[in-house]
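One structure is given below, encoded as structure tokens.
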């Protein structure tokens with residue numbers, strides 16, 4: 429099998445290029461920057477409560493999970509579920525060159541790398557080495573969903589409206605994703621979600637979806653639909 433390619437990003441963090449999907453786990457903007465501004469910051473700005481449950485699709489290099497642990501609301505307890513097909517990748521993360529910001533949770537990284545599981549008094553992480561479509565149907569309600577699978581062009585099954593119906597059954601307060609593709613936004617819009625985008629002064633736009641009113645810039649998707657003949661055709 430072709431080895432993973434280690435790639436530097438603009439914020440000084442490293443990512444990998446997956447040879448099977450021929451895509452990187454993060455954009456060139458940076459593994460830390462993208463994770464924080466497209467996922468973690470918007471999620472915790474909207475969900476700040478004593479007990480928070482997160483579904484991290486998919487685990488990959490673990491940045492979403494690890495930065496959620498490092499940036500969680502004060503005195504909160506986290507439960508994180510994350511499907512990941514590549515068990516070998518997760519086991520290799522014990523040797524991955526993470527940013528220095530991760531030094532304080534090195535024990536968590538090592539435990540997850542070895543066992544796919546970690547638990548202490550305030551954090552629990554479960555990495556499930558199985559198909560995400562099956563896994564999400566077994567979960568209880570979650571508060572936050574990081575929709576961070578490889579792109580719809582190479583990983584179609586994790587972006588269909590049927591998939592998002594399964595996500596919707598988990599009753600999330602907020603869904604975050606890097607994708608701004610019209611079919612993805614249309615699927616969420618069809619399921620009753622209001623669409624927003626995060627602050628993007630130093631990063632490309634992503635999408636935030638919620639059935640609650642959120643304090644973000646709202647996407648005028650009605651206007652977008654008037655200009656689109658087939659919303660399921662990838663125009664973005």
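Numbering (the working numbering), first residue to last: 429 to 664. Even for Gly, the Cβ is constructed at its ideal location relative to N, Cα and C.
By the 10 Å Cβ neighbour count, where 16 or more other Cβ atoms means buried, how is residue i classified, buried or exposed?
i           : result
residue 611 : buried
residue 500 : buried
residue 461 : buried
residue 466 : buried
residue 550 : exposed
residue 522 : exposed
residue 492 : buried
residue 511 : buried
residue 448 : exposed
residue 468 : buried
residue 640 : exposed
Find out if the Cβ-Cβ distance for the pair residue i, residue j is shorter than 8 Å.
i           : j           : result
residue 604 : residue 470 : yes
residue 616 : residue 483 : no
residue 457 : residue 437 : yes
residue 556 : residue 586 : no
residue 581 : residue 608 : no
residue 636 : residue 644 : yes
residue 451 : residue 541 : no
residue 554 : residue 509 : yes
Which whole-angstrom value describes the C-beta separation of residue i and residue j, a residue pair presumed to lie in contact below a C-beta threshold of 8 Å?
i           : j           : result
residue 441 : residue 478 : Contact flag wrong, Cβ pair sits at about 31 Å.
residue 507 : residue 552 : 5 Å
residue 646 : residue 624 : 5 Å
residue 485 : residue 601 : About 16 Å; that fails the 8 Å criterion.
residue 708 : residue 589 : With the chain running from 429 to 664 in the structure shown, residue 708 is simply not present.
Just to confirm my understanding: we take residue i, look at its own chain, exclude 5 residues before and 5 after, and list those with CB closer than 8 Å. What are they?
i           : result
residue 598 : 483, 564, 567, 568, 569, 570, 573
Who are the near neighbours of residue i in its chain, counting only those whose CB is closer than 7 Å to its CB and skipping five residues on each side?
i           : result
residue 433 : 444, 445
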